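Letter by letter, the sequence shown follows residues 8 to 286 in our numbering. Built from N, CA and C at the ideal position, the CB exists for glycine as well. Values in this document were obtained by computation on a predicted structure and should not be read as measured data. What follows is a set of notes on a single structure, which appears directly below.
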Amino acid sequence: MDSTVGAPQDVIPAHLLKGQKALVTGANSGIGKATAIGLGRAGADVVVNYVADQESAEEVVREITSFGVRAAAYEADVSQEDQVVAMVDRMVREFGTIDIMVANAGLQRDSSFTEMTLAQWQKVLDVNLTGQFLCAREATKEFVRRGVVPEVSRAAGKIICMSSVHQLIPWAGHVNYASSKGGVQMMMETLAQELAPQKIRVNAVAPGAIRTPINRSAWETPQAREDLLKLIPYDRIGDPDDIANAVVVLASDLLDYVVGTTLYVDGGMTLFPGFATGG
Ligand code: BGC
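The structure is reproduced here in structure tokens:
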């Protein structure tokens with residue numbers, strides 16, 4: 008990083024999301040953690056959802072509160088309807104409302120097709136797709152109940168679905184994951200169409216290869232890194248902050264007219280880099 012420039016997030020105004028309440032699922036590690044911290048840095052109060060490892064969630068809460076905003080860690084499994092309902096109810100009780108839902112929680116259970124168990128298929132669909140459906144639904148109920156508060160935001164609410172380049176790029180050995188993200192795309196676009204008249208903006212961020220625990224094997228060894236970089240025209244593996252910055256701006260009124268869009272944040276991974284020299 009060029010020390011004269013500083014980190015890109017340093018230029019995001021600390022009042023960009025002032026007065027807004029955000030919930031980020033799966034916020035105790037990886038992309039969710041960076042996103043929760045980014046939203047807090049931009050002035051939002053943040054609920055840090057986690058399903059396991061309370062201590063790591065509390066650490067994220069401490070980092071967020073250091074910006075002078077409110078934060079709290081809520082445990083809930085996003086694939087369980089009663090837990091999602093209770094989590095959003097609790098947020099409305101304790102924080103007053105919700106303005107931004109970042110449906111981020113996701114996982115992989117990789118396997119070749121014929122070896123893939125129904126349990127592996129189901130688990131990934133339950134968390135990555137049904138979890139986003141439940142979180143979006145419960146947040147929407149509150150957005151509709153409250154309506155637009157012009158001093159806070161031009162929208163009644165914002166839903167940001169964490170998708171993946173694999174909503175577009177087929178991925179052998181990961182049919183459950185790719186199917187879940189393909190589903191996220193169509194869910195997001197359908198919800199965007201359905202909810203826009205109520206001033207609810209639904210969009211997605213589609214990360215490429217970001218350095219997090221979910222894909223450790225893809226960047227941990229020099230050989231794996233070299234193979235991975237062949238798929239990334241911009242020639243660097245992404246950082247969680249690359250995604251956090253995209254979510255913060257997308258959630259803000261700066262992008263108020265962006266509705267039903269997927270923002271690919273992937274260093275060009277979706278540009279079919281194999282065709283740079285072939286085809
Ligand atoms: C996956 C990562 C993978 C990346 C690019 C993400 O959605 O979770 O494991 O490295 O896509 O293929």
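| Asked | Found |
| --- | --- |
| Do lysine 188 and the ligand BGC come close, with the Cβ less than 8 Å from some heavy atom? | yes |
| What residue range is occupied by the uninterrupted alpha helix (DSSP H) comprising alanine 185? | 182-202 |
| Within 10 angstroms of its Cβ, does proline 229 collect 16 or more other Cβ (buried), or is it exposed? | exposed |
| Please return the same chain residues whose Cβ sits closer than 7 Å to the Cβ of serine 10, not counting the five positions on each side in sequence. | The predicted model places serine 10 with a pLDDT of 45, which falls under 50 and marks its position as unreliable; any figure quoted below should be read in that light. Result list for serine 10: empty, nothing under 7 Å. |
| Select from Asp248, Ala213 and Ala258 the residue whose C-alpha is nearest the C-alpha of leucine 270. | Ala213 |
| Under the assumption that asparagine 56 contacts alanine 29 (Cβ atoms under 8 Å), give the Cβ distance between them as a whole number of angstroms. | With 8 Å as the limit, asparagine 56 and alanine 29 do not qualify as a contact, their Cβ atoms being about 11 Å apart. |
| Short of 6 Å in beta carbon distance, which residues of its chain neighbour alanine 162, apart from the five on each side in sequence? Order them along the chain. | Lys206 and Arg208 |
| Pop quiz: valine 85 and cysteine 142 are said to be a contact at Cβ under 8 Å. What is the actual Cβ separation, rounded to whole angstroms? | 6 Å |
| Taking 8 Å as the cut-off, is the C-beta of glutamine 115 nearer than that to any heavy atom in the ligand BGC? | yes |
| List in chain order: all unbroken alpha helix (DSSP H) runs of 4+ residues lying wholly within the segment 26-97. | 37-48 and 61-72 |
| Could you give the distance in angstroms between the alpha-carbon of isoleucine 107 and the alpha-carbon of alanine 179? | 34 Å |
| Looking at C-alpha atoms only, which residue of Gly37, Met194, Ser36 and Gly45 is the closest neighbour of valine 255? | Gly45 |
| Along the chain, where does the beta strand (DSSP E) containing isoleucine 239 start, and where does it finish? | Neither: isoleucine 239 is in no beta strand (DSSP E) and is coded neither H nor E. |
| I'd like the list of long-range same chain contacts for alanine 93, defined as Cβ closer than 8 Å, with 5 residues on each side in sequence excluded. | Ala83 |
| Which of the three DSSP states is assigned to phenylalanine 159 in this structure? | Looking at the sequence provided, one finds valine at residue 159 rather than phenylalanine. Of the three classes helix, strand and coil, the one that applies to valine 159 here is coil, per DSSP. |
| Using the beta-carbon count (16 or more within 10 Å), is glutamine 61 buried or exposed? | exposed |
| Could you check what DSSP says for leucine 136 in three-state terms: helix, strand or coil? | helix |
| The ligand BGC and proline 214: does any heavy atom of the ligand fall closer than 8 Å to the residue's C-beta? | yes |
| Is asparagine 222 close to the ligand BGC? I mean its beta-carbon at under 8 Å from any heavy atom of the ligand. | yes |
| Give a single yes or no on whether serine 171 has its beta carbon closer than 8 Å to a heavy atom of the ligand BGC. | yes |
| Here's the rule I'm using: 16 or more other beta-carbon atoms within 10 Å means buried, otherwise exposed. How should glycine 285 be labelled? | exposed |
| Just checking, does the segment 182-194 make contact with the segment 117-135 on the three C-beta pairs under 8 Å criterion? | yes |
| For the alpha helix (DSSP H) holding leucine 257, just list the boundary residues, first then last. | 247-258 |
| Going straight from the alpha carbon of glycine 39 to that of aspartate 273, what length do you get? | 16 Å |
| Identify every residue that forms a DSSP beta bridge with glycine 164. | Ile207 |
| Cβ atoms of glutamate 158 and valine 99: under 9 Å apart, would you say? | no |
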